[in-house]
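Input: a single structure, listed below in structure tokens.
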Amino acid sequence: MVHGLHEHEVPVGIKQNTEVVVSGALNAAVGAEAAYGVKQVEKKAANAVVIAQDKAAKVFISNARKRLSGFFGESYSTEWGAAGWPSNSTAIPTTQDERFSLINSLKLYFASHAAHESADLGVTSALAATLHTAMSDARAELDQKITEVGLAKVARDNAVANLRKRMEGLIGELATLLSPDDPLWHAFGLNRPADPETPEVPTFTTALPGVPGSVLVDWDDAARAERYRVWIMIVGTDTDFHAVETVFDSDVTLTGLPSGATVKIRVTSANDAGESTPGPEATVVVP
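So this is what it looks like as structure tokens:
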């Protein structure tokens, strides 16, 4: 569309959705999409830091449990509760929030019970404080990045909506300035209103075993279809679908297929305006 505006805006008489306007909307949408991608990457990185800090918390809690079991025993008791263990259990808490809270409780507990600390095990109030601060910072950073991703998505969606509005506006202007069969529609990347429409997509495909080496394929008639292309992919042999038949009816017998092979089949409909996207896949084992 921008290229068409650059070449034909003045002679056609475009007044509102001009090259400057449409290209500005396009650049804004592209920039907003890129900014959204950057924020998603930043969020992923922030989440990785939270996961790493939480992993360190699990190690600390595990070592603290080993240390304190020598004083409290293995079974849950009020002493374990006083140290901060939740849910009447001495197990490592199952949620990140509980582990974060327990690290803070252990920081306070070891500060008040220095005799229960162990530098050899890496279980001290100071280490718990350092870990809790790192976890707090990482979680806050992740929350910030989640917020920024949301804002960037809103900005991206708004920019795309504005671009769509400008594109639709240009189509509306062209409809008042060009005849339905004017070839200049193509210069803007558009089909002419007078052009025939591409056909509908087949909505179902069935494939049944036939005689050895063949399968029977059937599908529904698609609106505006003048012909159909049948595509196959032999599982384990082909890396993608390839067309094997073009027919004018809505069924075909495929022959010469390897016996015992699993074959995926799909159909596209076509006319002089173009070709549809593929219909649903059918899978069959060749007899």
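For the sequence shown, the working numbering begins at 71 and goes up steadily by one. Here a beta-carbon is modelled for each residue, glycine too, at the ideal position from N, C-alpha and C.
Cα-Cα separation between residue i and residue j, rounded to whole angstroms
i	j	result
I335	L244	41 angstroms
G326	V314	11 angstroms
A204	A134	18 angstroms
L286	P350	16 angstroms
R262	M237	15 angstroms
T332	L324	13 angstroms
D190	S145	24 angstroms
A95	V230	8 angstroms
L278	L247	53 angstroms
F130	A198	8 angstroms
N87	A257	16 angstroms
K63	K235	This structure does not reach residue 63, given that the chain is present from 71 up to 357, and the question cannot be answered.
Q166	N228	35 angstroms
G74	K109	33 angstroms
Endpoints, beta strand (DSSP E) assigned at residue i
i	result
S139	Note, S139: premise wrong, no beta strand (DSSP E); alpha helix (DSSP H) at E89 to F142.
S339	T332 to N341
Assigned exposure category for residue i - 16 Cβ within 10 Å defines buried
i	result
S139	exposed
L221	exposed
E187	buried
F346	Residue 346 is actually Ser in this sequence, not Phe. Classification for S346: buried.
P375	No answer is possible for residue 375: it lies beyond the span of the chain, which begins at 71 and ends at 357.
A208	buried
R169	buried
P269	buried
As assigned by DSSP and simplified to three states, the class of residue i
i	result
H73	helix
R294	coil
S188	strand
V285	strand
G306	coil
A277	strand
E345	strand
W150	helix
N- and C-terminal bounds of the alpha helix (DSSP H) containing residue i
i	result
E315	Note, E315: premise wrong, no alpha helix (DSSP H); beta strand (DSSP E) at H312 to V317.
A204	S195 to L247
D252	Careful: D252 lies outside any alpha helix (DSSP H) and carries neither H nor E.
L178	Q166 to S182
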